[in-house]
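Chains A and B, in that order, are what the protein sequence lines are. Take my numbering: the last position of the first sequence gets the number 439, and nothing is skipped along the way. Take my numbering: the last position of the second sequence gets the number 743, and nothing is skipped along the way. Quick reminder that beta carbons are idealized off the backbone N, C-alpha and C, glycines included. From a predicted model like this one, the values you see are computed outputs, not experimental measurements. Notes follow once the structure below has been shown.
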Amino acid sequence: MNDVIPTQNLTKKDFISGQDVRWCPGCGDYAILSQVQKVFPELGVPKENFLIISGIGCSSRFPYYMNTYGFHSIHGRATALASGAKIANPDLSVWVITGDGDGLAIGGNHMIHLLRRNLNLNVLLFNNRIYGLTKGQYSPTSELGKISKSTPTGSVDYPFNPLQLALGAEGTFVARGVDRDQVHLRELLKRAHEHEGTSFLEIYQNCVIFNDGAFAHLTDKEKREEAMLVLEHGHPMLFGKERNKGLHLNGSRLEVVTIGNRYGISDILIHDERNKVQALLLSELTYGDEFPTPIGVLYREDKPAYEVMLKEQIDARQKIMGKGNLHRLFHDGNTWKV
Amino acid sequence: MESDDKALQEQLEELDIVTIRFAGDSGDGMQLTGTEFTNNTALVGNDLATFPDYPSEIRAPAGSLAGVSSYQIQFSKYDIHTPGDDLDVLVAMNPAALKVHLKDLKDNGIVLINKANFNARNLKLADWESNPLEDDTLKGYRVVAEDMSKLVQNSVKDLNLPPKIVTRSTNMFALGFLYYLYDRTPDSTIRFLESKFAKRPEIIQANSRALKAGYYYGSTVRAVKTHYRVDRAKLAKGVYRNVMGNQAISFGLLAAAVKSGLDLYYGGYPITPASDILHYLAAYKHFGVKTFQAEDEIAGVVSTIGAAFAGDLAVTATSGPGMALKTEALGLAVSTELPIVVINVQRAGPSTGIPTKTEQSDLFQSIYGRNGETPIVVLAASTPGDCFNTAFEACKIALEHMIPVILLTDGYLGNGSEPWLLPDVDALPVIKTRKTTTVEDFEPFRHDPETLARPWAIPGTPGLEHRVGGLEKADGRGNVNYEPENHQKMTELRQKKVDIVAEKIPLAEAYGSNSGNLLVVGWGGTFGALRSAVERGRKKGQSVAHLHLRHLNPFPKNLGDVLNAFDQILVAELNMGQLQFILQGTYLVKTEGLHKVMGRPFSTGEITAKIDEMLEGK
Chain A
102 MNDVIPTQNL
112 TKKDFISGQD
122 VRWCPGCGDY
132 AILSQVQKVF
142 PELGVPKENF
152 LIISGIGCSS
162 RFPYYMNTYG
172 FHSIHGRATA
182 LASGAKIANP
192 DLSVWVITGD
202 GDGLAIGGNH
212 MIHLLRRNLN
222 LNVLLFNNRI
232 YGLTKGQYSP
242 TSELGKISKS
252 TPTGSVDYPF
262 NPLQLALGAE
272 GTFVARGVDR
282 DQVHLRELLK
292 RAHEHEGTSF
302 LEIYQNCVIF
312 NDGAFAHLTD
322 KEKREEAMLV
332 LEHGHPMLFG
342 KERNKGLHLN
352 GSRLEVVTIG
362 NRYGISDILI
372 HDERNKVQAL
382 LLSELTYGDE
392 FPTPIGVLYR
402 EDKPAYEVML
412 KEQIDARQKI
422 MGKGNLHRLF
432 HDGNTWKV
Chain B
126 MESDDKALQE
136 QLEELDIVTI
146 RFAGDSGDGM
156 QLTGTEFTNN
166 TALVGNDLAT
176 FPDYPSEIRA
186 PAGSLAGVSS
196 YQIQFSKYDI
206 HTPGDDLDVL
216 VAMNPAALKV
226 HLKDLKDNGI
236 VLINKANFNA
246 RNLKLADWES
256 NPLEDDTLKG
266 YRVVAEDMSK
276 LVQNSVKDLN
286 LPPKIVTRST
296 NMFALGFLYY
306 LYDRTPDSTI
316 RFLESKFAKR
326 PEIIQANSRA
336 LKAGYYYGST
346 VRAVKTHYRV
356 DRAKLAKGVY
366 RNVMGNQAIS
376 FGLLAAAVKS
386 GLDLYYGGYP
396 ITPASDILHY
406 LAAYKHFGVK
416 TFQAEDEIAG
426 VVSTIGAAFA
436 GDLAVTATSG
446 PGMALKTEAL
456 GLAVSTELPI
466 VVINVQRAGP
476 STGIPTKTEQ
486 SDLFQSIYGR
496 NGETPIVVLA
506 ASTPGDCFNT
516 AFEACKIALE
526 HMIPVILLTD
536 GYLGNGSEPW
546 LLPDVDALPV
556 IKTRKTTTVE
566 DFEPFRHDPE
576 TLARPWAIPG
586 TPGLEHRVGG
596 LEKADGRGNV
606 NYEPENHQKM
616 TELRQKKVDI
626 VAEKIPLAEA
636 YGSNSGNLLV
646 VGWGGTFGAL
656 RSAVERGRKK
666 GQSVAHLHLR
676 HLNPFPKNLG
686 DVLNAFDQIL
696 VAELNMGQLQ
706 FILQGTYLVK
716 TEGLHKVMGR
726 PFSTGEITAK
736 IDEMLEGK
C-alpha cells in the first residue's frame, strides 16, 4: 500500500521503494538509480503510470528499488515483456532496464526488433563490458583479448558496438551517457522520456569488482575533458580542456584537429541529431583511443510508434464496421436453422 | 424428356452416411474443392466432419507422391463424430493421388479420375508400373475416368480465357460431378465464386462453366447409374454454421474478452498449424483485439505476460517446438501468478517433426515440461466446435484464479470442421476478474481463500504500485524472499492453486454406463473415433463405455472412482502412452494402451478392433 500523491507534488523520496539496495558498494548502478529517482518526479507523469521492466543481471535488480510498478522478468526478455505491456496500455511510461549481457547477448534479438518497431518506451542499457552477477565472464561488449574468468588466456571474441546496433536496427533515438556524469545523465533521461518512440540510452557503468576502471578516462578529472565529446545539437563538436579541439570531416572520415593556424571553427563539424550518416560516423567512436568518446544524443528521428499505429487501425476498423458484436459475428456467413 | 426424368428419379437412392475424399496434386485446389463441398453439405443440413490433409511443403514437386493433398468429408442424416474411415467416393486428380488413396476405397466404391493427368511422366512419378486405367488395378470399383481437362477447355472455348485459368478450374468439374452424384445444386459454390472473385469475372466464368460442365456430365452421361441423397440430420434445434477448430478458438477468446470486459491481446509467432488463430484474430480489430506478430516464440509469450500484467486478456498460441521455446516464460507466469492462456495446436514431433500432421504427444510437456515445481492447468478440446467452449473456459479459469492455463488442441482439430450450434451470447457466463483498485491493506500476493487468486492490480492504478518477478517471493507482500519455510509454503501454494480448480470443474461421467467390462479413455481430438467405436460396440451389445477427458490437470475429483468401476481400461491416444502413464501413476490402476503415431487420427475401425480384442479376445 502506498500513499497517493498528486503528480505535481512528487519528489525523489516518493520513488524510493524502501527495499535494501544490494549492489556492491561503489557500483555505478547507485548513481544511475539516484538520477532516475530525481528525474521521475519532474516528468509530469502520475506515479502510478510508471512501469519499470528488467531482465536478469545486476542492473535488472533496479525495479525492486523503485517505488513504481515494476517487473523483474527473465533473462533477455525485458524488451519483449515491455512491448506487450505498452501495447496493452499505451498510457504507461515504460522503462526497460538492461545490461550488455541481458540486452545484447541473450536478449539481442528482442532488442533489435523493439528498436525497429519503435514502441514508445525507454531502454536504459547499463554497459559495464563484463558479466557481474555470474561473477566475471566477458560480455559481448568486452574488448578482444579480455582476460576474464571464462577467458583466462584472453577472449577471441570480437565485441560489437551497441549504438551502431541500435542505428542499424532503425532506432529512432540513440544516445550515450556515463554513470558518473550525473547532470548530463539527467538531461538524457528527460530527453529519452520526451522522445515518442523507442529511446535507446547506453550508459557506461563501472563495475567496481570485475571491470573496475573500464571508463576511467571518462570519469577521471584529469583525463575526461580530453577524452569526452559532449554532443549538442546545432553546435560544433569541440572538446578538450581549452575547447580547442574538434572533429573535422575529411572526405568520408572523421579526424581530430586543433583550432589554430590551419583550422578555424568553421572547419569543425556541427552536430546534427537528425543526420544519420553523421550519427553512424560518431557511433564508431566508442571507448576512446585516438578519438574522444561522444556522449549525448547521437541520433533521433520522428516516426509514429507501433502502438499508436495499431490503435489507429483499431479505431478505423471500429468506425467502418461498428464496435464488434459477438452475435453478429457468429451469425455472419453461411448459417442454417434446424 | 419426361421419361428421362422418370428414369432419373428411379435411380435416386437414399443413404444414411457417405464418406468422400478429394485427392490431387498440391496445386489442384483440393482443399478449396473440399471446403466448398463441405459448405454445401452444411446448407443441405447433414451432420458432417472433415479432415484436410496436406503436405508440409507449399508446393511439393508436381505429380509426386509427396505432393498429394487431400480433403475428406463424412456426412450423414445421423449425428456423426468423425470424417469416416473407408471411402464411398475417391476423387483422384492424378496418378499419385490414386496411388496414395486407392487402398482406402470400399469395394464397389466410386473412383472419379481425371484421365488427362495419366500420362507416362505422371505414372512414373507415382510409381505405377503400368497404367492403372488399363490393367486390373481398378477391378471391383465403379470407375468414372474422364479427360476432365479437355471437357473444361471445351466448355469455355468461346471465352478465349488464358489457359492457366482454364486449367485451374478443372477441380470445379469434379465438384460439379459430386453435386450431381449427391443430388445437390451447385448454387452455393456459384455464389461463393461470385463474391470471392468479384473483380475477376474471367475466373468466375471459367470456374462456373467447369462446375456446370461437371454437373451436367453427371446427369447426361450417366457415368454412374444411380445417384444419391442423404437426408437432413436431426440435430438439436438452433442456428448452425460450419466451423474450423482454429476459428472456434478465436471465437472463444473473443467471447471471453467480451464476457470479462477486457481487451484481447494476442502475441504470437507464425507456426503451422496454429497460425490461423493469429490470422482470424488480426481480422477482429473492430473488437479491439490487439495482435502482435512477435520476432520469435519467446517474445510471443513474454509479451503476453507483459500484456497480462498491464490488464489485458492475454493469449498466445503455438505448436510443439514453439511450446518448447516458451517453457521458461511459463515458469515466470506461474511465479508471478498472472493470467495468460497458451494454446498448443499439437503436431507430430519430435523437433520440427511433421508440421502439418496431427499427434497428441505434448501432454507430458504441458503438465511437466518446466524447471522447478511449476504446475499449470491443462485443458484439451475434443472437437472443432468444442474448441470454442474450451478456449472460453481456459480464459475463465486463468482470469478467475490468476494463473496461466495451457489449452491443447491438435492439427486435426485446428483444420478440421464440423457444424457448430451457435451459442446464445447472452447465456454465456460472465467472467469476474480479480482487478482491484482498493488501496487499503493492499498486498499483491495476498490470496483469496476460495480460489487462491491474488489481486490483479494493474499499472495505472493509484496507490497499488508493486513489483513482481521470477525470484521467490514472500506470501502476502510479495517481496523477494529466500527463506526455506517460505519457499516450501509458496511451492505448496502454487500447487494448491492448480488443485483447487478441480472444485470448479464438472465430475467425470462415462458415456454409455457407469460401470462394466471396458472403459475406453481418451482426451483431445480423438473424441470422434472413440465415441463412434463405443457406440458401435454398445449397439452390438458389448459392455463398453467411453470417458473423454477435457481437464487433464487437475483431473476431475472423481476420476479414480470412475476408472475403478470397470474391469478393464483402454487408454487410446496419439502418442506412446502419456495419459496412460499419468493415470496409472495417479490412480494405481491397470490399463491397456492403444498408441498410434502416424501423423493421422485414429479410425473408428482401429478402436473397434481393439475393443473387440479386449472384450472377446479376438
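Compare the C-beta of F261 of chain A against all C-beta atoms of chain B and say whether one is closer than 8 Å.
no
Using a beta-carbon distance below 8 Å, is A167 of chain B in contact with chain A?
yes
Just checking: is the beta-carbon of L457 of chain B within a distance shorter than 8 Å of some beta-carbon in chain A?
yes
Continuous alpha helix (DSSP H) stretch holding R292 of chain A: start and end
Q283 to E295
Beta-carbon gap between T199 of chain A and A179 of chain A smaller than 8 Å:
yes
Using a Cβ cut-off of 8 Å (strictly closer), state whether Y391 of chain B contacts chain A.
no
Stretch pair the region 599 to 617 of chain B + the region 558 to 570 of chain B: three plus CB contacts closer than 8 Å
yes
Using a Cβ cut-off of 8 Å (strictly closer), state whether T429 of chain B contacts chain A.
yes
How would you call F261 of chain A, buried or exposed, if buried means at least 16 neighbouring beta carbons within 10 angstroms?
exposed
Of all the CB atoms in chain B, is at least one closer than 8 Å to the CB of E149 of chain A?
yes
Could you compute how far the alpha carbon of L740 of chain B sits from the alpha carbon of P529 of chain B?
41 Å
For M739 of chain B, which three-state DSSP category applies?
helix
Check whether chain A comes within 8 Å of A745 of chain B, counting only Cβ atoms and requiring the distance to be less than that.
Here chain B comprises residues numbered 126 to 743, so residue 745 of chain B is not present and cannot be evaluated.
Counting only C-beta atoms, is K131 of chain B closer than 8 Å to chain A at any point?
Annotation note: pLDDT 49 at K131 of chain B (below 50); position unreliable, coordinate value reported separately. Not one chain A Cβ lies under 8 Å of K131 of chain B.
Taking its Cβ as the centre, do 16 or more other Cβ atoms sit within 10 Å of I248 of chain A, making it buried, or is it exposed?
exposed
Contact list for N604 of chain B against chain A, beta-carbon separation under 9 Å:
Q120 and Y165
Does DSSP put G594 of chain B in a helix, in a strand, or in coil?
strand
Given a limit of 8 Å on CB to CB distance, which residues of the region 569 to 587 of chain B reach chain A?
I583, P584, G585, T586 and P587
If you run the structure through DSSP and keep just helix, strand and coil, what is A282 of chain B?
Per the sequence shown, the amino acid found at residue 282 of chain B is Lys instead of Ala. Three-state result, K282 of chain B: helix.
Where H176 of chain A and I290 of chain B are concerned, what is the direct C-alpha to C-alpha distance, given to the nearest angstrom?
53 Å
Using DSSP's beta-bridge definition, name the partner residues of I153 of chain A.
A:G171 and A:W196
Of the residues A:E413, A:E303 and A:K342, the one placed nearest R325 of chain A, counting alpha carbons only:
A:K342
Can you say whether M167 of chain A is buried or exposed, counting buried as having 16 or more other CB atoms within 10 angstroms of its CB?
buried
How is the alpha helix (DSSP H) around I142 of chain B delimited, first residue to last?
It is not in any alpha helix (DSSP H) - I142 of chain B instead sits in the beta strand (DSSP E) that spans I142 to D150.
Does the separation of the CB atoms of I522 of chain B and N678 of chain B fall below 8 Å?
no
Along the chain, where does the alpha helix (DSSP H) containing Q703 of chain B start, and where does it finish?
Q703 to Y712
Just how far apart, CA to CA, sit Y170 of chain A and G298 of chain A?
21 Å
G650 of chain B and T483 of chain B closer than 8 Å at C-beta
yes
Between the C-alpha atoms of S638 of chain B and L672 of chain B, what's the straight-line distance to the nearest angstrom?
10 Å
Taking its Cβ as the centre, do 16 or more other Cβ atoms sit within 10 Å of N233 of chain B, making it buried, or is it exposed?
exposed
Could you tell me if M126 of chain B is buried or exposed, where buried requires 16 or more neighbouring beta carbons within 10 angstroms of its beta carbon?
Confidence at M126 of chain B is low in this model, with a pLDDT of 41, below 50, so its placement is unreliable and no value can be given for it.
7 Å CB neighbourhood of L284 of chain B in its chain, flanking five on each side removed
Q330
Could you tell me the alpha carbon to alpha carbon distance between A132 of chain B and V346 of chain B, rounded to whole angstroms?
Only weak support exists for where A132 of chain B lies, its pLDDT of 49 falling under 50; the value from the coordinates is given anyway. For A132 of chain B and V346 of chain B, the distance between alpha carbons rounds to 13 Å.
Tell me which residues share the same chain as L388 of chain A and place their Cβ nearer than 7 Å to its Cβ, disregarding the 5 neighbours each side in the sequence.
A quick correction: the sequence has Tyr, not Leu, at residue 388 of chain A. Closer than 7 Å at Cβ, skipping near neighbours: T394.
Are any of the Cβ atoms in chain A nearer than 8 Å to that of Y341 of chain B?
no
I'd like the list of long-range same chain contacts for L457 of chain B, defined as Cβ closer than 7 Å, with 5 residues on each side in sequence excluded.
I430 and G595
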